[in-house]
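A quick write-up on the structure given underneath.
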Amino acid sequence: MADLNELKEAAKSLRDEILNNVKDLANSKEAYELRKVFLDSKQGKIGQLMKEMRTVPNDQKQEYGKTVNELKQWAQARFEEVDRAMKERELQSRYEREKLDVTMPAVETVPGNLHPVTQVREELIDIFASMGFEVYEGKEIENDYYNFTALNTPQDHPARDMQDTFYVSPEFLLRTQTSAGQIHVMEAKKPPIKILSPGRVFRSDDDATHSPMFHQMEGLVVDKHITLSDLKGMLDTFVQKIYGENTTTRLRPSYFPFTEPSVEVDVSCFECGGKGCGLCKGTGWIEVLGAGIVNRKVLENCGLDPDEYSGLAFGIGLERIAMLKYGINNIKLMFESDMDVLKQINDQE
C-alpha cells in the first residue's frame, strides 16, 4: 500500500527525471514525445501515481491527491515552457536557412508569352473586329444536324464516316468544323449578321500537317446583296494585315457543300514575293483557307429567304496560319510545349 512518504519520494524523482530529460531535447517533436511519457492520461508516469490513490488510506487521500495534482500542474507548465522554447528555436533556424542575401545579383526572370496559336487567334480577331465582326463561341459537342445536315452535307459524304469523325453517340459528335456555329447564329438572329466563330475542332487525321484536334476560325456575313467581290475584298484586307501590304490573293474554284460557288484562297508567297521558293514549292502561291458564298439550301435551313439574303463564309485553320507565319514545318510542334521551339518562335516577335 502506497503512503505519503513514498509518494513524495516518487514525485521528487519524477521532477528530477523531467528536468534532466528536457536538457537533451533537440526539437518540438521530441518534446511532445517526452511529454506523453509523463502526462499521457493512460500510460503517463504521473497518471500512474494517481491510480495508486485507491491503495492510500482514507485519511491520507486528500493530501495524496493534492501532491499528485501539484506535480502534474508543474510538469504541464514545464513542458509548455519547453515547447515554446523549442518552436521559437526552430523558427529562428528556419529564418536563418531561408534568409535572402539582398546583396546577391537577382535571378533573371524568364518572360512568358502566348502560344503561337493563341497569338494568331487574337491577331485575327483584332483584324476582323476592325471590320465590324463579333465573336461567337460555339459548342464543341454538336449533333449530326448542326454539324452536317443543316450545312447541306449529304448522307453519303465521306466526312460523315466513322473513320473521319469522332462520334460520342449515334447522334452526337465532336464538331468537325466551326461552320456549325453559323447555323446557331442564323437561327437565333436576323440579318445583318457578321460573326467570327473561333474554336477547337476534331477530325480523325494525324500526320505532319494534320492533328486530331486543331483550331479553326469561321467567318460569316449575311445581308442583302452580298457577292463574291465582297468576300475577296475582305480577304485581301485580312492577308495584307497579317502577311504584309504587298501580299495579294487569288481564288481557285473548289467545292464545299455549304457554299456555292466555293473557292480556295491562295496568297502570294511572302517569302519570295511570288518568284518561287521552297515554302511555296516553286509556285509563288500558298494556300491559306477555304471560302465561298453561303449555299441557298443552308439559308433555307435557317429560315432565311435566299432570294432576299445572301452571305459569304470562310474558314481559317489557325495552326496553318501560325505554321506559315513562324516557319513551323510540323504541326505536332504546336502541341508539345518544347521550350526551345517556343523560344525560337518568341524570338521572331
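Numbering (full-length UniProt numbering), first residue to last: 1 to 349. Virtual Cβ for every residue (Gly too), placed ideally from N, Cα, C. Just so you know, these numbers come straight off a predicted model, no measurement behind them.
- Listed in chain order, the beta strand (DSSP E) elements of length 3 or more contained wholly in the segment 78-162 are 141-143.
- Annotation for S254: S262, V263, E264 and G290 place their beta carbon closer than 7 angstroms to its own, counting only its chain and skipping 5 residues before and after.
- In the structure shown, E308 adopts coil according to DSSP, grouped into three states.
- Membership of L174 in the beta strand (DSSP E) is indicated by the continuous run F172 to L174.
- In terms of Cα proximity to G47, the closest of E171, L91 and G65 is G65.
- Close CB contacts of E319 within its chain, under the 8 angstroms cut and outside five residues either way in sequence, are with V117, S211, F214, H215, I331 and M334 (chain order).
- Of the candidates N27, R252 and L174, the residue whose Cα lies closest to the Cα of A85 is N27.
- Here DSSP, grouped into helix, strand and coil, assigns S337 to coil.
- Secondary structure within the segment 276-305: the beta strand (DSSP E) runs of 3 or more consecutive residues, fully enclosed, are 285-294 (chain order).
- The segment 298-313 makes contact with the segment 179-194: 3 or more CB pairs, one atom from each, lie closer than 8 angstroms.
- Contact annotation: V68 and L49 have beta-carbon atoms nearer than 7 angstroms.
- When the beta-carbon positions are compared, V298 and F258 come within less than 7 angstroms of each other.
- Each residue's CA atom was taken as its position, placing Q73 and R15 some 12 angstroms apart.
- With a cutoff of 7 angstroms on beta-carbon distance, P191 and V222 are scored as near each other.
- The segment 173-182 and the segment 275-285 do not touch, with fewer than three beta-carbon pairs separated by less than 8 angstroms.
- The Cβ atoms of I127 and F270 do not sit closer than 7 angstroms to each other.
- Of all C-beta pairs linking the segment 172-179 to the segment 143-155, three or more are shorter than 8 angstroms, placing the two stretches in contact.
- In terms of CA proximity to K325, R121 leads the group R121, M131 and I18.
- Shown here, I193 sits in a strand according to DSSP, grouped into three states.
- Per DSSP, reduced to three states, the secondary structure at S28 is helical.
- For D266, the enclosing beta strand (DSSP E) begins and ends at T259 to S268.
- Straight across, the Cα-Cα distance linking H157 with F256 is about 11 angstroms.
- D16 sits in a helix when the DSSP states are folded into three classes.
- Going by beta carbons, M217 and I293 fall outside the 7 angstroms limit.
- In this structure, Y136 lies near I195, with their beta-carbon atoms less than 7 angstroms apart.
- T237: not part of any beta strand (DSSP E); member of the alpha helix (DSSP H) spanning L228 to Y243, first to last residue.
- With fewer than 16 other beta carbons inside 10 angstroms of its own, V107 counts as exposed.
- By the Cβ neighbour-count rule, E63 is exposed, with fewer than 16 other Cβ atoms within 10 Å of its own.
- Taking all protein chains shown into account, T103 has fewer than 16 neighbouring C-beta atoms within 10 Å of its C-beta and is therefore exposed.
- For E218, the enclosing beta strand (DSSP E) stretches over residues M213 to D223.
- Judged by their CB atoms, L312 and L231 are nearer to each other than the 7 angstroms cut-off.
- The DSSP-derived three-state label of G317 is strand.
- Residue pairing by DSSP places R252 opposite E264 in a beta bridge.
- Excluding five sequence positions before and after S130, none of the CB atoms of its chain fall closer than 8 angstroms to its own CB.
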